[in-house]
Amino acid sequence: MNPTTTILSLVAAALAGVTIVTFNDADLAKQEVIKAKEESLVAIRASGAKVAAAERKTFEAEVRAKAALAGEAAAKDAAKATVDSTKKTADDLAQALADLKTGATKIAELEKARSEAAARLNEVNAEIAKLRDGSDLREAVAKAKKAEGDLEQASIALREANGKLTEANTKLATLEEELARLKADMKGFDNPSPNYRAR
-2 MNPTTTILSL VAAALAGVTI VTFNDADLAK QEVIKAKEES LVAIRASGAK VAAAERKTFE
58 AEVRAKAALA GEAAAKDAAK ATVDSTKKTA DDLAQALADL KTGATKIAEL EKARSEAAAR
118 LNEVNAEIAK LRDGSDLREA VAKAKKAEGD LEQASIALRE ANGKLTEANT KLATLEEELA
178 RLKADMKGFD NPSPNYRAR
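For the record, in the sequence shown the residue sitting at position 156 is 153 according to our numbering, with numbers rising by one throughout.
What follows is the structure in structure tokens.
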């Protein structure tokens, strides 16, 4: 082999080595880029998962807070309704007591009227026994009938008043029981614990 051929062979071999080295470096660079991309994707996914978890926890906390507020509002509404009901029952009780007092007064008046009518009837009967004249007798009989009618009306009114008094007593007893129950229910609202539930 002449010197020129030898030199050319060496130059060709050197160029081939440079090309191989260059190709190897390019492959390594591509692999590193791919690896970096994969690592970036993994990191992005992990970060996204953390963000999603944080958002989910925040949403759950908001839901719990809204539920707590709704429960508190419901408890306040129930307490207000019980207070209003207690006030109405107390007002009804006061009215029933007033009606009872009025009824008792009316009964006393009717009993007095019946007694007066009975006394008048006795007087008329006594007058009839003493009368001898027919015209006076007819007038006395008419007075007696009128007195009997007045007595009957007084008796009817008294029976009606007694019936109303009985109804008033029954209503009064019912209202007193309702007021006692509402007062017992009101004791539950003295407890501010969120675990308390109105019955």
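Where a beta carbon is used, it is the ideal one built from N, C-alpha and C, also for glycine.
From a predicted model like this one, the values you see are computed outputs, not experimental measurements.
Taking SER152 as reference, the option from GLU108, ARG117, GLN92 with the minimal CA-CA separation is GLU108. Sorting ASP81, LYS161, ARG61, ALA170 by C-alpha distance to the C-alpha of THR102 places LYS161 at the top. Scanning VAL138, ALA115, ALA137, ASN119 for the CA closest to the CA of GLU149 turns up ALA115. ASN166 is the residue among LYS73, ALA139, MET183, ASN166 whose C-alpha sits nearest the C-alpha of ALA95.
Of all C-beta pairs linking the region 79 to 89 to the region 164 to 182, three or more are shorter than 8 Å, placing the two stretches in contact.
Burial of THR86 is indicated by the presence of at least 16 other C-beta atoms within 10 angstroms of its C-beta. Setting aside the 5 residues that flank it on each side, GLY100 is surrounded in the same chain by ALA158, LYS161, LEU162, ALA165, each with a C-beta closer than 7 Å to its C-beta; the list follows chain order. LYS54 has its alpha-carbon roughly 18 Å from the corresponding atom of LEU66.
GLN28 has its alpha-carbon roughly 49 Å from the corresponding atom of ARG61.
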